[in-house]
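Residues in the sequence shown are numbered from 649 upward in steps of one, following the working numbering.
Quick reminder that beta carbons are idealized off the backbone N, C-alpha and C, glycines included.
What follows is a single structure, written as structure tokens, with notes after it.
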Amino acid sequence: MQLHEEAGAVRRETLLPVPREEAWAAVCDDDWLGLEREERRAVDEEVVEGRRLSFTWDGDDGGRTLVDITLDDAEDGTRVTVVELPLVTLRAVGASVAARAADGPRMLACA
């Protein structure tokens, strides 16, 4: 699914001039996530060592958000992509799809 800003998603991408293993160590450091400023309750959703970290936590507005961090090899280092999406948006999309489930299988495409 392509997450768009209209859906409340925030997407950031940066290139770190280090190998993916070093970038992964940085991503897993509390300081990199900005947790030295405040404490947040987080729940790991998926961890693919060296490639992907997905978790939910309390967003700045008090609502829960899903944060998805992916690391990809790039010519000059590692591309780190962070997408944060309010869970209320995911629930709305899920409810919309579930309501049409009785109509039978469908192919969903996002532009």
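Item	Value
Who are ASP720's beta bridge partners in DSSP?	ARG727
What do you get for LEU735, buried or exposed, if any count of 16 or more other CB atoms within 10 angstroms of its CB means buried?	exposed
Is the stretch 659-667 in contact with the stretch 711-718, if contact means three or more CB pairs nearer than 8 Å?	no
Which word fits VAL695, buried or exposed, when buried means at least 16 other C-beta atoms lie within 10 angstroms of its C-beta?	exposed
With DSSP run on the structure shown, which of helix, strand or coil describes ALA690?	strand
Tell me GLU669's beta-bridge partners as DSSP assigns them.	According to DSSP, which records beta bridges pairwise, GLU669 is partnered with nothing at all.
Quick check: what's the CA-CA separation for LEU733 versus VAL691?	15 Å
Are THR729 and ARG668 touching if we call contact CB-CB under 8 Å?	no
Less than 8 Å between C-beta atoms, sequence neighbours within five positions excluded: which residues of the same chain meet that for GLY698?	ARG668, GLU669, TRP672, LEU719
Whole angstroms is fine: what's the gap from GLY711's alpha carbon to ASP678's?	21 Å
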